[in-house]
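Read through the structure below, which is laid out as structure tokens, and then see the notes.
Number of protein chains: 2
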Amino acid sequence: MDLQLSERKIKILQAIIRNYLETGEPVGSRTISKYTDLNLSSATIRNEMSDLEEMGYIVQPHTSAGRIPSDMGYRLYVDTMMEEKDRELTELKEMMLEKEDKVEHLLRQVAKLLAANTNYVSMISAPAIHTNKIKFIQLSRMDERQILAVVVAEGNVIKNNIISVQERLDDETLLKLNILLNTHLNGLALEEINLGMISAMKHQAGIHSAIVADVIDAIAQSIRAEEDLEVYTSGANNIFKYPELADQQKASEIINTFEENQMLTELVQGTLSDENSTGIQVYIGNETPIQAMRDCSVVTATYELGEGMRGTIGIIGPKRMDYDKVVGALKTITHQLDELYKNRT
Amino acid sequence: MDLQLSERKIKILQAIIRNYLETGEPVGSRTISKYTDLNLSSATIRNEMSDLEEMGYIVQPHTSAGRIPSDMGYRLYVDTMMEEKDRELTELKEMMLEKEDKVEHLLRQVAKLLAANTNYVSMISAPAIHTNKIKFIQLSRMDERQILAVVVAEGNVIKNNIISVQERLDDETLLKLNILLNTHLNGLALEEINLGMISAMKHQAGIHSAIVADVIDAIAQSIRAEEDLEVYTSGANNIFKYPELADQQKASEIINTFEENQMLTELVQGTLSDENSTGIQVYIGNETPIQAMRDCSVVTATYELGEGMRGTIGIIGPKRMDYDKVVGALKTITHQLDELYKNRT
DNA sequence: TGTTAGCACTCCATCGAGTTGAGTGCTAAC
DNA sequence: GTTAGCACTCAACTCGATGGAGTGCTAACA
Numbered sequence: 000m001d002l003q004l005s006e007r008k009i010k011i012l013q014a015i016i017r018n019y020l021e022t023g024e025p026v027g028s029r030t031i032s033k034y035t036d037l038n039l040s041s042a043t044i045r046n047e048m049s050d051l052e053e054m055g056y057i058v059q060p061h062t063s064a065g066r067i068p069s070d071m072g073y074r075l076y077v078d079t080m081m082e083e084k085d086r087e088l089t090e091l092k093e094m095m096l097e098k099e100d101k102v103e104h105l106l107r108q109v110a111k112l113l114a115a116n117t118n119y120v121s122m123i124s125a126p127a128i129h130t131n132k133i134k135f136i137q138l139s140r141m142d143e144r145q146i147l148a149v150v151v152a153e154g155n156v157i158k159n160n161i162i163s164v165q166e167r168l169d170d171e172t173l174l175k176l177n178i179l180l181n182t183h184l185n186g187l188a189l190e191e192i193n194l195g196m197i198s199a200m201k202h203q204a205g206i207h208s209a210i211v212a213d214v215i216d217a218i219a220q221s222i223r224a225e226e227d228l229e230v231y232t233s234g235a236n237n238i239f240k241y242p243e244l245a246d247q248q249k250a251s252e253i254i255n256t257f258e259e260n261q262m263l264t265e266l267v268q269g270t271l272s273d274e275n276s277t278g279i280q281v282y283i284g285n286e287t288p289i290q291a292m293r294d295c296s297v298v299t300a301t302y303e304l305g306e307g308m309r310g311t312i313g314i315i316g317p318k319r320m321d322y323d324k325v326v327g328a329l330k331t332i333t334h335q336l337d338e339l340y341k342n343r344t
Numbered sequence: 000m001d002l003q004l005s006e007r008k009i010k011i012l013q014a015i016i017r018n019y020l021e022t023g024e025p026v027g028s029r030t031i032s033k034y035t036d037l038n039l040s041s042a043t044i045r046n047e048m049s050d051l052e053e054m055g056y057i058v059q060p061h062t063s064a065g066r067i068p069s070d071m072g073y074r075l076y077v078d079t080m081m082e083e084k085d086r087e088l089t090e091l092k093e094m095m096l097e098k099e100d101k102v103e104h105l106l107r108q109v110a111k112l113l114a115a116n117t118n119y120v121s122m123i124s125a126p127a128i129h130t131n132k133i134k135f136i137q138l139s140r141m142d143e144r145q146i147l148a149v150v151v152a153e154g155n156v157i158k159n160n161i162i163s164v165q166e167r168l169d170d171e172t173l174l175k176l177n178i179l180l181n182t183h184l185n186g187l188a189l190e191e192i193n194l195g196m197i198s199a200m201k202h203q204a205g206i207h208s209a210i211v212a213d214v215i216d217a218i219a220q221s222i223r224a225e226e227d228l229e230v231y232t233s234g235a236n237n238i239f240k241y242p243e244l245a246d247q248q249k250a251s252e253i254i255n256t257f258e259e260n261q262m263l264t265e266l267v268q269g270t271l272s273d274e275n276s277t278g279i280q281v282y283i284g285n286e287t288p289i290q291a292m293r294d295c296s297v298v299t300a301t302y303e304l305g306e307g308m309r310g311t312i313g314i315i316g317p318k319r320m321d322y323d324k325v326v327g328a329l330k331t332i333t334h335q336l337d338e339l340y341k342n343r344t
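Chains as they are written, first to last, in numbering that gives the first Met the number 0: chain A, 0 to 344; chain B, 0 to 344.
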């Protein structure tokens with residue numbers, strides 16, 4: 000048997016997958032024979048299907064049932080046969096015109112929209128601040144022993160931090176510290192802050208060097224706290240629309256995973272670190288790093304809100320999800336998010 | 000038939016409910032006859048049960064099945080027969096010692112803990128800021144046309160707000176505005192800010208009165224934005240542990256409700272506005288304002304984090320939830336949250 | 001040599017009949 | 001007022017029969 004896929008085999012495989020994506024039912028040889036332009040009898044199709052099964056692209060749930068795509072089959076489909084559908088998400092455009100000024104709200108809205116449009120579950124991670132530049136820092140005194148540090152980063156991401164200090168601070172000192180911090184740190188990405196700078200600042204702060212240390216610690220910490228980054232999900236109940244995911248065992252597991260968004264961050268990290276051409280990644284079944292989602296497929300994309308502010312947006316659905324549509328939708332949406340930022344500045 | 004419940008009927012009803020809460024199965028006359036100290040034959044129990052059914056406290060899922068409590072039966076139980084179990088939530092104490100400084104994180108933790116301990120779904124609303132006093136306001140300039148307003152309220156609740164202004168502001172003016180706002184507004188609850196004050200401030204601001212208006216608008220808006228208050232839920236997948244809630248239709252509906260936390264706020268509002276003695280409210284089945292939860296019971300409690308900062312904490316579970324335990328746990332937890340605040344200040 | 005028709009075979013899904021067991025309501029006796 | 005006894009009901013389960021979709025194989029055909 001030739002291990003190479005003939006043209007005809009590809010056509011048949013494609014037909015099988017397309018059909019299965021639509022119906023969710025195993026597809027038999029007669030269906031293919033009838034609804035393709037191949038003009039082959041079901042018997043011939045059967046032979047070919049037998050080959051395809053042996054090659055590992057399709058499987059039979061049981062003898063005397065039709066075939067369904069294997070993970071490998073889906074993979075081939077996604078890699079080589081997909082035809083993206085460009086879906087217009089007009090609602091998104093409208094929504095964005097409203098200029099949600101809270102990034103968080105915007106993202107939630109996007110997630111919601113995406114879930115509603117695709118009938119899958121959507122997730123979206125807030126853009127990671129640590130790739131981002133500090134716009135300014137503002138220290139204010141709250142009371143005797145506490146000061147409030149506000150860090151504003153490029154893209155108007157705001158972090159608040161309450162710092163407890165040992166010594167009392169008068170207004171003048173606070174002002175000086177403010178200036179000191181801002182002159183040194185403004186415009187820097189958070190990774191760019193190094194020990195040399197810190198010690199220089201400490202030196203300049205003189206007797207207040209302890210506070211500088213505290214403040215920088217707090218800033219660093221507030222950044223690190225962001226490491227377990229927020230991930231919003233939407234449309235979790237959509238999984239009930241797909242019988243293969245809707246049984247209690249699986250549904251419970253999946254829902255739980257969404258709640259423990261800890262796990263989702265793994266996915267996000269994976270997507271962010273990966274630098275492939277399109278920025279879109281597809282995890283089929285067991286390819287996903289999340290055990291609970293072995294019966295799902297996950298499609299993720301990276302969006303950018305300008306200068307290094309990157310987040311991840313993703314769709315989780317059954318393995319038989321409409322990849323064409325999903326990839327198209329994700330592309331559209333990331334593109335529109337990019338646009339949004341451009342218009343904003 | 001006497002409409003008054005005899006001592007014996009009460010005992011039987013109580014036994015039925017207790018048993019049903021434990022097993023989740025309809026309970027028959029023989030069970031009661033055996034496992035109570037009433038020493039009555041099953042036939043007698045049957046007669047009594049027949050009465051109880053006629054009175055509406057119990058129902059039969061079908062002829063030839065045992066009885067289960069009706070909403071009315073549960074109601075009677077909760078109102079008069081419950082024996083709170085004081086559960087020690089030691090983990091909570093430990094956790095609180097760590098002094099999570101972000102209120103949000105603390106609340107999420109509490110929700111998680113509560114869900115894990117009860118095996119029901121928990122929800123918790125962030126404390127409403129609008130019952131709260133302004134500690135200070137800090138305006139900083141971000142760039143030409145934008146200023147950042149940080150409002151810190153009693154209890155260290157922090158709101159950020161980016162305000163776009165028409166005119167350019169120099170540092171001096173900003174400083175003046177800062178002082179102006181703080182002298183007028185510090186220590187006030189947000190409802191206490193009235194038009195008189197605002198016009199006074201505008202007057203003092205002179206040519207910058209437009210900005211004062213902008214700022215106050217923004218503050219008011221940031222407060223109003225808080226109206227659709229955050230509600231965190233945890234343990235959603237616990238509903239799958241109760242067959243009466245685990246079927247697709249219902250589970251989907253319930254999960255969806257959690258996501259649209261819009262709905263939950265209704266519940267929260269209801270609890271917050273109600274001023275009954277214990278602060279604990281029990282909604283059984285159809286009593287709940289949320290249609291999707293007609294097969295659930297919801298128990299809510301109000302917690303306080305000092306001076307007017309109140310939020311709601313709640314448990315959602317099947318109607319046959321262990322009310323004794325849940326009410327106990329909620330009391331413990333709200334009490335400990337109160338304690339926490341005391342130790343903090 | 002590739003394609004097709006035909007046929008036996010497999011296996012799931014569905015349906016109905018029969019069985020079981022828990023539980024009731026009623027009646028008559030205590 | 002309480003209890004024993006009995007007929008009755010009904011959901012849940014088991015079991016076998018039936019039907020249909022689909023396959024694999026073989027033999028014939030172009």
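All C-beta atoms, glycine included, are put in the ideal place defined by N, C-alpha and C.
| Item | Value |
| --- | --- |
| Mind checking Asn237 (chain B): buried by the 16 CB within 10 Å criterion, or exposed? | buried |
| Within 10 angstroms of the Cβ of Asn155 (chain A), are there 16 or more other Cβ atoms? Answer buried if so, exposed if not. | buried |
| Are the region 134-153 of chain B and the region 116-124 of chain B touching, with three or more C-beta to C-beta distances below 8 angstroms? | no |
| For a contact defined as C-beta to C-beta under 8 angstroms, what are the partners of Asn159 (chain A) on chain B? | Val149, Ile157, Asn159 |
| In whole angstroms, give me the CA-to-CA distance for Arg45 (chain B) and Leu244 (chain B). | 29 angstroms |
| Could you tell me whether any Cβ in chain A is nearer than 8 angstroms to the Cβ of Asn118 (chain B)? | no |
| Residues bridged to Gly313 (chain B) by DSSP? | B:Met122, B:Thr299 |
| Apart from the five residues on each side of it in sequence, which residues of its chain come closer than 7 angstroms, Cβ to Cβ, to Ile215 (chain A)? | Ile197 |
| Using a Cβ-Cβ cut-off of 8 angstroms, state whether Lys134 (chain B) counts as contacting chain A. | yes |
| Any idea which residues DSSP pairs Tyr282 (chain B) with across the strands? | B:Val297 |
| Distance cutoff 8 angstroms, beta carbons only. Does Ser124 (chain B) sit that close to anything in chain A? | no |
| Rounded to whole angstroms, what's the CA-CA distance from Cys295 (chain A) to Ser69 (chain A)? Just pull it up for me. | 13 angstroms |
| Output, in sequence order along the chain, the residues in the region 3-18 of chain B whose CB is closer than 8 angstroms to any CB in chain A. | none |
| Can you check whether the CB of Ala152 (chain A) is closer than 8 angstroms to the CB of Lys132 (chain A)? | yes |
| What residues from chain B crowd round Met141 (chain A), counting only those whose CB sits closer than 9 angstroms? | Lys134, Phe135, Val151, Asn155 |
| What does the alpha-carbon distance come out to for the pair Ser32 (chain A) and Pro25 (chain A)? | 15 angstroms |
| Report the neighbours of Ser233 (chain B) on chain A: residues whose CB is nearer than 8 angstroms to its CB, in chain order. | Glu258 |
| From this set, A:Gly186, A:Ser40, A:Thr301, A:Lys158, which residue's C-alpha is nearest Lys134 (chain A)'s C-alpha? | A:Gly186 |
| When you compare each of B:Thr331, B:His61, B:Tyr34, B:Leu339 to Lys84 (chain B) by their alpha carbons, which one comes out closest? | B:Thr331 |
| Taking 8 angstroms as the cut-off, decide whether the C-beta atoms of Ala345 (chain B) and Asn116 (chain B) are in contact. | The structure shown does not extend to residue 345 (chain B), since chain B is modelled only from 0 through 344, so no value can be given for it. |
| Would you mind working out which of A:Pro317, A:Arg309, A:Ser5 sits nearest Val298 (chain A), comparing C-alpha positions? | A:Pro317 |
| At the 8 angstroms Cβ level, is Gln247 (chain A) part of the contact set with chain B, yes or no? | yes |
| Between which two residues does the alpha helix (DSSP H) carrying Ala110 (chain A) extend? | 102-117 |
| Starting from Tyr73 (chain A), follow the alpha helix (DSSP H) in both directions and report where the run begins and ends. | 70-75 |
| Quick one: is Ile206 (chain B) buried, meaning 16 or more other Cβ sit within 10 Å of its Cβ, or exposed? | exposed |
| Measuring alpha carbon to alpha carbon, tell me which of A:Glu52, A:Met81, A:Pro126, A:Leu4 ends up nearest Leu308 (chain A). | First, the residue type needs correcting, since residue 308 (chain A) is Met and not Leu in the sequence shown. Ranking A:Glu52, A:Met81, A:Pro126, A:Leu4 by Cα distance to Met308 (chain A) puts A:Pro126 first. |
| Please classify Arg144 (chain B): does DSSP put it in a helix, a strand, or coil? | coil |
| Would you report the Cα separation of Ser5 (chain A) and Ile283 (chain A), rounded to the nearest angstrom? | 24 angstroms |
| Using a beta-carbon distance below 8 angstroms, is Ser251 (chain B) in contact with chain A? | yes |
| Is the shortest distance between the beta-carbon of Ile254 (chain A) and the beta-carbons of chain B less than 8 angstroms? | yes |
| Checking 8 angstroms against the spacing of the C-beta atoms, do Gly12 (chain A) and Gly72 (chain A) come in under that value? | It should be noted that the sequence gives Leu, not Gly, for residue 12 (chain A). Cβ atoms of Leu12 (chain A) and Gly72 (chain A): closer than 8 angstroms. |
| With the cut-off set at 8 angstroms, would you say Ser233 (chain A) and Ala114 (chain A) are in Cβ contact? | yes |
| Between Leu39 (chain B) and chain A, is the shortest Cβ-Cβ distance under 8 angstroms, so that the two count as touching? | no |
| Nearest to Asp169 (chain A) by CA position, among A:Asp246, A:Met48, A:Ile210, A:His334, is which residue? | A:Ile210 |
| Tell me the DSSP bridge mates of Gln137 (chain A)? | A:Val149 |
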